[in-house]
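**Student:** Going by the working numbering, the first residue of the sequence shown is number 1300, and it counts up by one from there.
Glycine included, C-beta positions come from ideal geometry on N, C-alpha and C.
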Amino acid sequence: MGKSTAVKQAAVVFGALAFGWLAIEMAFKPFLDKARAAMDKSDPDRDPDDIAARNEESDRQTSNFVKDNDDSSSRKPTSYAEAVAKNSAVA
1300 MGKSTAVKQA AVVFGALAFG WLAIEMAFKP FLDKARAAMD KSDPDRDPDD IAARNEESDR
1360 QTSNFVKDND DSSSRKPTSY AEAVAKNSAV A
């Protein structure tokens, strides 16, 4: 066997990497197919983190609005007794 050259070593390393990649692809094929199908169905323009941040900001604004405009007539009852008292007929 002759001297090992850099080209031969690179070819062996590349072949080993290709063989390893193919072995992993075949071993995990069912899982990879499901993952790829899920990624194909997903919408790249919809980021759940952005939606959560928008909902938190909306909740904060609503909470501030409720705190600023807290009058007892629009306030929801916090207990059953308050609900009955609010809805009872006063004649």
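By how many angstroms is the C-alpha of Ser1357 removed from the C-alpha of Ala1322?
**Tutor:** Their Cα atoms are separated by approximately 49 Å.
**Student:** With a CB to CB cut of under 6 Å and the five nearest residues on each side skipped, what residues in its chain are close to Ala1315?
**Tutor:** Counting only Cβ-Cβ distances below 6 Å, and skipping sequence neighbours, we find nothing.
**Student:** Note the first and the last residue of the continuous alpha helix (DSSP H) segment covering Lys1340.
**Tutor:** That run of the alpha helix (DSSP H) goes Lys1328 to Lys1340.
**Student:** Residue range of the alpha helix (DSSP H) that Lys1385 falls in?
**Tutor:** Taken as a continuous stretch (DSSP letters only), the alpha helix (DSSP H) holding Lys1385 covers Tyr1379 to Asn1386.
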